[in-house]
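K.L.:
Each residue of the sequence shown is one higher than the one before, starting from 109 at the first, in this note's numbering.
Attaching a single structure in structure tokens format; questions to follow.
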Amino acid sequence: ISGAHLLGRSSSPAELLQLIKSRWNLYQISAVEEGIVVGGGCTLQSLASKIHAIKDKFDNDEEKVGADIVKRALSYPLKLIAKNVGVNGSVVSKKVLSGDNPKFGYNAATGKIEDLMAAVIIDPTKVRMKPESANVDLSIVC
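See the structure below:
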């Protein structure tokens, strides 16, 4: 949740604090309901690396272009996190993908590739995966 987004919705520090607490509670409930995945964009990057297998099954060139768009969108969060701390996102992405442990990813706070579950860099599955599936459903309709 971006601070700017939250500040735009609240008129006082007390309202901002209440909104943050409310969002945090929803985040925790989501984690309990459907579990957690590795955060920091690494789960999305892992999904992006699987797109080529799906793309090869498409006969239609437009579907292949769509698969490339989804792949780029899934790869973007990890690259952006790296860029935000002054690191080349493509290099970080390659390092994350070259590892064989799905729990390992880029920790922007330490600048290292490490076990993100142990570092508690996680996302609730419900929060992380539902928006992506909703976007894909929308793109199929359009």
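Ideal placement from N, C-alpha and C gives every residue a C-beta, glycine not left out.
Remember, it's a predicted structure, so these values are computed and weren't measured experimentally.
What whole-angstrom Cβ distance do GLY147 and ASP208 have, given they're in contact under 8 Å?
P.N.:
Not quite, the Cβ-Cβ distance comes to about 19 Å (not below 8 Å), so this is no contact.
K.L.:
If you reduce the DSSP assignment to three classes, tell me which class PRO232 lands in.
P.N.:
strand
K.L.:
Between which two residues does the beta strand (DSSP E) harbouring LYS220 extend?
P.N.:
Its beta strand (DSSP E) spans residues 220-223.
K.L.:
Out of ALA227, ILE144, VAL195, GLY149, which one is the CA nearest neighbour of THR233?
P.N.:
With distances taken between Cα atoms, THR233 lies closest to ILE144.
K.L.:
With distance defined between alpha-carbon atoms, name the residue in SER157, ALA175, GLU142, VAL228 nearest to LYS202.
P.N.:
Looking at the Cα atoms, SER157 is the closest of the given residues.
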